[in-house]
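Asker:
Residue numbers (UniProt numbering): 1 to 165.
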């Protein structure tokens with residue numbers, strides 16, 4: 001009842017996520033430079049990484065399910081904590097825990113980097129919108145002063161005194 005296949009899957013996930021983190025850092029620099037062609041290339045590479053991560057994740061889930069059935073644990077309940085508690089081999093515990101912590105740290109770094117990229121993209125879009133607004137001002141901004149609908153009704157031009165005498 002070895003957990004080694006799960007540890008190997010975690011190691012592959014770590015490598016893929018580290019590579020994705022490197023791409024994300026490149027994307028940050030590309031966003032700063034404003035190079036849209038390189039950005040499209042990086043996004044295509046990211047998509048390929050995500051597909052590979054999904055495949056390895058499915059494989060890891062299958063391996064955890066197989067391990068759980070051998071250990072007579074429900075696959076849905078087979079979390080890292082449960083697996084660590086049920087392992088008897090100390091080296092396997094250390095390997096699994098270290099890989100899990102490493103993957104968690106890489107995922108945290110990746111999330112921070114992607115938040116930065118999202119903020120940079122948002123700021124770029126705000127700048128573009130502001131530039132468009134400055135080039136094509138609305139009609140409201142073109143008129144100065146009150147509009148006719150906002151003007152007070154004009155008093156009649158008739159005098160209070162009738163001047164016929």
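Using N, Cα and C, we set each Cβ at its ideal position, and we do this for glycine too.
None of the values given here were measured: they were computed from a predicted structure.
(1) CA-CA distance, residue 90 and residue 7?
(2) Using 8 Å for Cβ pairs, my map puts residue 120 next to residue 32. What's the rounded Cβ distance?
(3) At which residues does the alpha helix (DSSP H) containing residue 75 begin and terminate?
(4) Identify the continuous alpha helix (DSSP H) that holds residue 107 and give its terminal residues.
(5) Residue 86 and residue 73: beta carbons closer than 8 Å?
(6) Following the continuous alpha helix (DSSP H) through residue 7, name the residue where it begins and the one where it ends.
(7) Exposed or buried, which one is residue 98 when buried takes at least 16 other CB atoms within 10 Å?
(8) Hey, would you say residue 63 sits closer than 8 Å to residue 9, going by beta carbons?
(9) Once DSSP output is grouped into helix, strand and coil, what is the label at residue 84?
(10) Okay, do the segment 31-47 and the segment 127-137 touch, 3+ Cβ pairs below 8 Å being the bar?
(11) Roughly how far, in whole angstroms, is the beta-carbon of residue 46 from the beta-carbon of residue 20, given that I think they are within contact range, below 8 Å?
(12) Look at the alpha carbon of residue 134 and the alpha carbon of residue 16, and state the distance between them as a whole number of angstroms.
Answerer: This is what the structure gives:
(1) For residue 90 and residue 7, the distance between alpha carbons rounds to 14 Å.
(2) With a Cβ gap of about 7 Å, residue 120 and residue 32 count as contacting.
(3) Looking at the DSSP string, residue 75 is not in any alpha helix (DSSP H), and its letter there is neither H nor E.
(4) Per DSSP, the unbroken alpha helix (DSSP H) holding residue 107 starts and ends at 90-135.
(5) Contact flag set, yes.
(6) Here the alpha helix (DSSP H) through residue 7 covers 4-33.
(7) The residue in question, residue 98, is exposed, as its Cβ has fewer than 16 Cβ neighbours within 10 Å.
(8) The answer is yes: Cβ separation under 8 Å.
(9) Three-state result, residue 84: helix.
(10) With the cut-off at 8 Å, the segment 31-47 and the segment 127-137 do not touch.
(11) That pair is a contact at about 7 Å.
(12) Residue 16 has its alpha-carbon roughly 44 Å from the corresponding atom of residue 134.
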